[in-house]
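So the sequence lines, in the order shown, correspond to chains A and B. Taken in order, the first sequence gives residues 1 to 684; the numbers are from UniProt numbering. Taken in order, the second sequence gives residues 1 to 684; the numbers are from UniProt numbering. Below is one structure, written out as structure tokens; the observations come after it.
Protein chains: 2
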Amino acid sequence: MPYGKVDELAINTIRTLAVDATFAANSGHPGAPMGMAPVAHVLFNKFMTFNPKNPEWVNRDRFVLSNGHGCMLQYALLHLFGYALSIDDLKHFRQVDSITPGHPEAHDTPGIEVTTGPLGQGFANAVGLAIAQAHTAAVFNKPGFDLINNHTYMFFGDGCAMEGIASEAASTAGHLQLGNLIAIYDDNKISIDGDTKCAFTEDVMKRFEAYGWHTQHVEKGDTDLESIEAAIAKAKEVTDKPSVIKLTTTIGFGSNLQGTGGVHGNPLKADDIKQVKEKFGFDPEKTFVVPQEVTEQYHKHAAEGAAAEQEWNKLFEKYAQEHKDLHADLARRLTGALPEGWEKKLPTYKPTDPAIASRKLSESVLEAIYEAVPELLSGSADLTGSNNTRWKKAVDFQPPNLGIGDWSGRYLRYGVREHAMAAIMNGLSAYGTTIPAGGTFLNFVSYAAGAVRLSALSHQRVIYVATHDSIGLGEDGPTHQPIETLAHFRALPNFMVWRPADGNETSAAYYMALTSKSTPSLLALTRQNLPQLEGSTIEKGIKGGYVALEADKADVTLVSTGSEVSLCLEAVETLKKQGKTARVVSLPCVEVFDAQSKDYKLSVIPDGIPTLSVEVMSTLGWEKYSHEQFGLNRFGASGPYKEVYKKFEFTPEGITKRALATIDFYKDVKPLRSPLNRAFTQLI
Amino acid sequence: MPYGKVDELAINTIRTLAVDATFAANSGHPGAPMGMAPVAHVLFNKFMTFNPKNPEWVNRDRFVLSNGHGCMLQYALLHLFGYALSIDDLKHFRQVDSITPGHPEAHDTPGIEVTTGPLGQGFANAVGLAIAQAHTAAVFNKPGFDLINNHTYMFFGDGCAMEGIASEAASTAGHLQLGNLIAIYDDNKISIDGDTKCAFTEDVMKRFEAYGWHTQHVEKGDTDLESIEAAIAKAKEVTDKPSVIKLTTTIGFGSNLQGTGGVHGNPLKADDIKQVKEKFGFDPEKTFVVPQEVTEQYHKHAAEGAAAEQEWNKLFEKYAQEHKDLHADLARRLTGALPEGWEKKLPTYKPTDPAIASRKLSESVLEAIYEAVPELLSGSADLTGSNNTRWKKAVDFQPPNLGIGDWSGRYLRYGVREHAMAAIMNGLSAYGTTIPAGGTFLNFVSYAAGAVRLSALSHQRVIYVATHDSIGLGEDGPTHQPIETLAHFRALPNFMVWRPADGNETSAAYYMALTSKSTPSLLALTRQNLPQLEGSTIEKGIKGGYVALEADKADVTLVSTGSEVSLCLEAVETLKKQGKTARVVSLPCVEVFDAQSKDYKLSVIPDGIPTLSVEVMSTLGWEKYSHEQFGLNRFGASGPYKEVYKKFEFTPEGITKRALATIDFYKDVKPLRSPLNRAFTQLI
């Protein structure tokens with residue numbers, strides 16, 4: 001069907017909505033929506049299948065706006081197609097408590113798949129969505145039941161193209177031959193500093209070819225709808241490679257400032273808006289105008305999407321009859337609930353069991369539960385043998401033609417690409433049928449900080465398996481020994497940092513990580529062996545903190561995590577020789593502990609007893625749980641780990657010395673309140 | 001001169017030293033040193049000029065081992081050439097307090113230029129070193145005085161090649177046409193997970209071509225010294241592009257496990273060592289053997305380097321006569337001292353001066369000092385207009401043929417590449433003649449966390465200009481509003497986090513950032529306007545914390561930073577209406593405040609008065625400076641900033657409410673100690 005007046009009108013409607021919304025907000029980015037309206041119109045109407053009345057339908061085509069600052073493009077589309085996003089929502093663009101925030105947020109706005117804006121993230125999220133589709137299809141599709149066959153479409157701009165995370169993700173997608181992934185590169189030659197020639201003169205398409213992508217170039221991206229359509233159609237035909245279409249566009253198309261940085265991040269001026277609307281045949285006196293024929297065309301396509309979902313639902317019912325177990329499995333996964341009884345597989349330990357490194361304990365959990373939790377996809381950023389993330393019978397997720405795995409494989413080889421790994425995991429989680437866990441050293445989760453933040457903000461159930469969690473890693477030295485890392489991630493909202501002290505606590509960490517549907521987790525795990533504690537159980541562990549050793553009339557409470565808990569238990573004996581009684585608290589996850597009742601928390605860290613925290617890294621934040629802190633506020637050292645611990649006095653004697661000072665210092669304070677006993681409750 | 005027996009012997013000496021050291025440490029990476037010994041031998045002996053007796057000579061060729069886990073290669077070379085690194089130091093590889101830690105650390109080991117190991121960092125550091133050379137040459141070289149003409153050589157492996165930071169840096173280097181940069185890509189096809197075909201199948205050389213690099217391939221990297229030499233010679237001839245030489249090598253060359261992952265990160269077994277030594281003609285009973293003829297050859301080259309420095313010193317003396325001012329400037333820069341009197345240029349403000357955003361105050365500082373501090377190189381990751389990092393007359397650092405700047409330019413356009421920017425700045429600082437400052441939004445400094453950490457660990461004088469520092473950025477919303485970021489960087493050792501409250505504090509922040517020769521700084525700056533405070537001066541600011549408003553018989557101390565200090569001053573008035581007296585403390589830099597005397601600190605936050613901290617982000621860590629905390633332990637919101645502040649009760653009323661609760665809660669505690677009054681001093 002040739003393109004006509006309604007198409008032009010629709011494209012200009014998107015443009016004027018973006019102009020009006022940014023003007024009303026006195027803030028925002030009109031340039032990208034005005035430049036990308038044509039390709040968005042073609043893509044959404046000619047290629048994408050989705051049902052605005054059910055944005056959660058699993059086989060919908062996914063769309064990711066990696067250049068998320070152009071979100072008015074997406075909000076306009078969502079409105080036009082009839083998602084639950086009204087014209088009033090557009091009028092409240094960038095206002096407090098609106099569903100149209102300054103950058104797209106998956107959790108708050110129907111039809112937004114992933115949270116973007118921080119550049120490059122959406123690119124890598126899209127790779128994750130495409131991996132999830134390929135994997136889910138391999139697991140569930142059967143002859144006659146092509147249940148899962150959606151595509152992932154993604155827009156990105158020069159900013160995303162410059163970010164390392166997008167390079168990592170593009171290399172990964174090329175390696176994985178993700179033919180279900182189609183990206184549109186908005187080649188508008190403008191970034192915030194102006195012409196991209198000041199910093200970005202590489203040959204982007206050649207780079208993508210080097211990664212193994214199929215590349216095309218559409219030169220007249222502002223107007224040539226036929227060529228745009230032909231290019232996307234061609235990209236869909238290429239099923240053994242991801243595709244990128246370089247689309248040369250004019251940023252802010254229609255504005256007097258089109259093609260300049262002036263239209264990137266600032267609303268248009270009033271007189272410019274007037275001429276834009278006149279140029280497009282819109283009444284310059286009116287705002288937020290949606291012509292009836294545009295609404296009709298878009299609603300018609302939406303209805304086709306609803307019908308497609310209807311068809312799919314029928315197919316899925318038929319599937320229930322022929323593939324009962326698979327049907328039940330997929331239906332269950334879509335609710336986010338885990339298989340009944342899976343938690344019974346979690347390993348438990350007795351104090352008499354041998355000392356084991358928590359990275360190995362984590363491996364035992366994966367080995368124990370991988371069959372019971374089929375949606376769990378593990379992986380590592382090239383540290384498989386060190387992170388212990390791979391169960392013995394795991395199959396790699398790989399293109400079958402490489403001969404080293406297949407699409408149904410549940411183990412991902414992310415390569416040395418921590419940032420992309422994290423953002424790919426966000427995409428895997430967002431798809432809705434898989435739960436990703438990915439490993440690296442704790443110190444290198446910091447490379448992924450930008451994406452970890454978005455796991456939390458967008459409520460993704462993602463598990464970071466972070467081994468080698470302290471100076472206890474020993475010889476690799478200060479470049480690899482985390483000091484600031486746990487403080488960093490403990491300060492991140494909606495994020496659980498676990499540092500288990502033994503096997504039961506490791507199982508507890510996995511229990512909480514897997515059952516918390518909208519909170520990501522980080523598991524900080526040791527390289528060195530840890531004894532199994534006397535007082536630990538999974539039940540205690542899932543409270544985030546508990547009394548590991550109780551004592552009557554205690555002189556001091558030692559609060560600790562991970563590898564230092566057993567050290568504190570040793571220090572209890574040393575203190576006893578000094579005539580002092582200590583109790584020990586294990587606090588594997590402060591965020592979960594914070595959520596317990598005040599009564600419970602005060603039973604763990606009670607009033608009247610001075611408290612010393614012990615953790616071999618930055619003390620920052622420990623003042624919340626202890627009167628005094630023993631930690632490491634400097635970089636570590638390279639050497640055998642016991643030597644390193646000794647150098648920094650992390651020994652029973654070193655703890656005892658500080659515990660005695662703590663007891664003495666607080667002996668005359670009345671009342672001596674628990675550090676948890678506070679004047680007021682924090683907001684939220 | 002053709003290669004002969006001594007060359008082979010030297011190469012095998014490096015290999016056996018790596019084998020012996022990793023075996024003695026029972027830890028480390030023999031594979032890369034064994035594979036890269038030939039290219040290292042050729043490069044260091046045939047191409048590099050350096051003086052082991054003076055590792056600081058400014059015009060030395062720079063060498064960066066980006067695959068830093070192979071550091072025994074570098075330690076062996078340093079020993080053989082006669083740097084202050086003895087055979088005993090090699091025997092203490094990876095031992096506590098040795099100068100041969102598990103990864104190379106610039107600060108501790110003579111001859112190590114930059115701290116590497118975290119993959120990809122060294123790659124980007126090398127780009128920074130090359131930029132610094134090009135810039136320094138443009139500023140100081142004159143006809144007849146080719147003072148600064150060194151090359152930067154860098155080795156990297158598959159791990160570095162996969163990291164996004166290296167992609168960003170490679171794109172930057174290509175854009176900048178850095179002909180003085182020569183990289184050797186160790187194409188050994190092995191990473192920790194085994195064969196790179198499991199995750200890394202892109203065409204690396206094609207990618208570098210896309211970036212604008214000159215590429216070559218040497219196939220027999222294990223043995224073909226002539227081809228290695230020819231390739232490096234060719235790379236030196238290419239002066240308008242950075243060069244990469246793909247060198248196909250065998251990891252762990254000589255071992256029974258050569259060419260496998262087994263030799264990457266584990267010492268060789270005893271019997272394997274035996275056969276390696278026999279194969280190489282070494283006595284298998286002896287360890288750490290350095291044949292006399294190898295020492296002679298290497299010391300001969302070292303002597304040539306010492307002579308070259310002698311020549312250079314003569315040239316520099318002559319330069320002193322013909323270019324007195326330039327000579328004095330370069331000589332001064334090499335001491336790390338700033339020009340005398342520069343600090344007099346720092347702007348000062350009176351309370352009657354208008355309210356100004358601290359990002360603009362930062363711009364005023366740069367505008368005021370750029371002439372006085374010629375070694376200061378500013379820049380931004382594509383946010384120049386938002387970060388306000390560019391003084392009006394700034395010239396861009398660009399290849400002259402682009403027509404938009406030149407090599408002497410002092411403003412760097414980093415592109416949207418935060419991680420590479422940070423690591424390039426580490427290289428710029430390490431070169432010794434420039435002080436880099438680079439801007440992005442505070443939230444996106446997190447993208448650069450891996451490199452920021454190394455700024456701190458390796459003692460680089462780097463300045464992070466981090467604007468849009470809170471929910472105060474408003475409409476861009478939660479994806480851009482930092483919550484956890486300051487806690488993260490405050491937990492990082494040897495790092496100053498500044499959050500100035502007004503103009504005088506902003507000047508104080510720059511004063512400390514520029515005069516702290518071995519500590520990097522982050523300046524958290526507002527988008528919104530801030531009033532000039534009554535009690536602020538530069539002198540008070542450089543103490544890191546001071547009393548902004550004193551009061552007799554105060555009921556409460558409000559401790560705050562940045563944009564919330566003036567809010568606290570408003571709250572004082574609101575509290576007065578409730579009959580309560582408050583004093584206000586401004587704490588622009590807790591790290592610098594921590595370093596003051598205990599007496600001074602207790603005069604600022606004294607015993608006997610309850611303390612409430614106020615900062616619009618995570619409260620984590622504020623317990624150290626206050627009894628109670630008012631902060632934001634959730635993600636922010638998109639909207640006009642005053643609305644967002646109001647939503648979260650960051651208003652005089654919101655502060656007052658919490659201050660009253662604080663006063664009430666502590667009224668019966670005796671003694672009420674200052675939170676700074678502690679039981680024992682932290683270790684280091």
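C-beta: ideal position from N, C-alpha, C; glycine also.
* Residue nearest to Lys142(B) in terms of C-alpha spacing, selected from Lys91(B), Gly427(B) and Ser408(B) -> Looking only at Lys91(B), Gly427(B) and Ser408(B), the smallest Cα-Cα distance to Lys142(B) is reached by Ser408(B).
* **Counted within 10 angstroms of its Cβ, other Cβ atoms place Ser86(B) as buried (16 or more) or exposed** => Classification for Ser86(B): exposed.
* Are the C-beta atoms of Val669(B) and some chain A residue less than 8 Å apart? -> It does: the Cβ of Val669(B) has a partner Cβ on chain A nearer than 8 Å.
* To do: Could you please tell me which residues of the stretch 187 to 204 of chain A, in chain order, have their CB closer than 9 Å to any CB of chain E?
  => Note that chain E does not occur in the displayed structure, where the protein chains are A and B.
* If you count every other CB in all the chains shown that lies within 10 Å of the CB of Asp271(B), and 16 or more means buried, which is it? -> Asp271(B) comes out exposed.
* Span of the beta strand (DSSP E) around Leu366(B) -> From DSSP, Leu366(B) is part of no beta strand (DSSP E) but of the alpha helix (DSSP H) over Ser358 to Ile369.
* **chain B contact for Gly164(A) (CB, 8 Å cutoff)** => Chain B, which has a Cβ nearer than 8 Å to the Cβ of Gly164(A), makes this yes.
* Asked: In chain order, which continuous runs of the beta strand (DSSP E) of length 3 or greater are located wholly inside the stretch 450 to 503 of chain A?
  -> Entirely contained in the stretch 450 to 503 of chain A, the beta strand (DSSP E) runs reaching 3 residues are, in chain order, 463 to 467 and 496 to 498.
* Asked: Ile99(A) by DSSP, collapsed to three states: which one?
  -> DSSP places Ile99(A) in coil when its eight states are reduced to three.
* Verify the CB distance criterion: does Lys647(A) have a CB-CB separation below 8 Å to chain B? => Yes - at least one Cβ of chain B is within 8 Å of the one on Lys647(A).
* **Pro520(B) and Ser358(B) closer than 8 Å at C-beta** => Going by C-beta atoms, Pro520(B) is not nearer than 8 Å to Ser358(B).
* Any 3 or more C-beta pairs closer than 8 Å across the stretch 417 to 430 of chain A and the stretch 166 to 173 of chain A -> Yes, since at least three Cβ pairs between the stretch 417 to 430 of chain A and the stretch 166 to 173 of chain A fall closer than 8 Å, the two stretches touch.
* Asked: Nearest to Gln629(A) by CA position, among Thr681(B), Ser603(B) and Pro610(B), is which residue?
  -> Ranking the options by Cα distance to Gln629(A), first place goes to Thr681(B).
* Asked: Given that a residue counts as buried once 16 or more other Cβ atoms are within 10 Å of its Cβ, and exposed if not, what is Ile14(B)?
  -> The residue in question, Ile14(B), is buried, as its Cβ has 16 or more Cβ neighbours within 10 Å.
* Flag this pair as yes or no: are the beta carbons of Val244(A) and Ala183(A) separated by less than 8 Å? => Judged by their CB atoms, Val244(A) and Ala183(A) are nearer to each other than the 8 Å cut-off.
* **Backbone secondary structure at Ile684(B) - three-state DSSP** => Bear in mind that the predicted position of Ile684(B) carries a pLDDT of just 46, short of 50, making it unreliable; the figure below should be weighed with that in mind. Coil, per DSSP.
* Determine whether the Cβ of Ile684(B) lies closer than 8 Å to any Cβ atom of chain A. => Low per-residue confidence applies at Ile684(B): pLDDT is 46, beneath 50, and the placement is therefore not dependable enough to give any value.
* Asked: Would you say Tyr511(A) and Ile463(A) are within 8 Å of each other, going by their C-beta atoms?
  -> No, they are not a contact pair.
* To do: Leaving out five residues on either side along the sequence, give the residues of the same chain with a beta carbon under 8 Å from the beta carbon of Cys160(A).
  => Short of 8 Å from the beta carbon of Cys160(A), and not among the five residues preceding or following it, lie these beta carbons of its own chain, in chain order: Ser66, Asn67, Leu119, Gly120, Gly122, Phe123 and Ala166.
* Asked: DSSP state of Gln297(A), grouped into three classes?
  -> In this structure, Gln297(A) counts as helix in the three-state DSSP scheme.
* Got a sec: is the Cβ-Cβ distance from Arg60(A) to anything in chain B below 8 Å? -> Closer than 8 Å: no.
* To do: Please report the Cβ distance between Gly438(B) and Ala637(B), rounded to the nearest whole angstrom; I am assuming they are in contact, meaning their Cβ atoms lie under 8 Å.
  => Not quite, the Cβ-Cβ distance comes to about 29 Å (not below 8 Å), so this is no contact.
* List the residues of chain B that Lys269(A) touches, going by C-beta distances under 8 Å, in chain order. => None at all; the shortest Cβ gap to chain B is about 17 Å.
* **Within chain B, partners of Thr384(A) - CB distance below 9 Å** => Those are Ile192, Asp193 and Gly194, listed as they occur along chain B.
* For Lys350(B), the nearest candidate out of Lys300(B), Thr537(B) and Asp329(B) (CA to CA) -> Minimum Cα distance to Lys350(B) is reached at Thr537(B).
* What is the rounded straight-line gap between the Cα of Ser674(B) and the Cα of Ala551(B)? -> So the two alpha carbons sit approximately 17 Å from each other.
* To do: May I ask you to report which of helix, strand or coil DSSP gives Leu90(B)?
  => For Leu90(B), the three-state secondary structure derived from DSSP is helix.
* **Cβ of Tyr511(B) within 8 Å of any chain A Cβ** => With 8 Å as the cut-off, Tyr511(B) does not count as an interface residue toward chain A.
* Asked: Between Tyr447(B) and Gly164(A), what straight-line distance do the alpha-carbon atoms span, to the nearest angstrom?
  -> Taking the Cα positions, Tyr447(B) is about 9 Å away from Gly164(A).
* To do: Determine the chain B residues that contact Tyr414(A) at a beta-carbon separation under 8 Å, and present them in chain order.
  => Residues of chain B passing the Cβ test: Ala199.
* Asked: Mind checking if Arg583(B) is an interface residue toward chain A, Cβ cutoff 8 Å exclusive?
  -> Cβ-Cβ to chain A under 8 Å: no for Arg583(B).
* Under a CB-based cut-off of 8 Å, is Leu620(A) close to chain B? -> Leu620(A) counts as touching chain B.
* Asked: Which residues, in order along the stretch 629 to 657 of chain A, keep a beta-carbon less than 9 Å from a beta-carbon of chain B?
  -> Contacts with chain B (Cβ-Cβ distance below 9 Å) from the stretch 629 to 657 of chain A involve Gln629, Phe630, Gly631, Leu632, Asn633, Arg634, Phe635, Ala637, Ser638, Gly639, Pro640, Glu643, Val644, Lys646, Lys647, Phe648, Glu649, Gly654 and Lys657, listed in chain order.
* In terms of alpha-carbon separation, which member of Phe155(B), Asp664(B) and Glu484(B) lies closest to Met36(B)? -> If we check each option's Cα against that of Met36(B), Phe155(B) comes out closest.
* Where the alpha helix (DSSP H) containing Glu534(A) begins and where it ends -> First-last for Glu534(A): undefined, no H or E at that position.
* Residue ranges of each alpha helix (DSSP H) run of no fewer than 4 residues wholly in the stretch 23 to 62 of chain B, ordered along the chain? -> Qualifying alpha helix (DSSP H) stretches, in chain order: 31 to 42.
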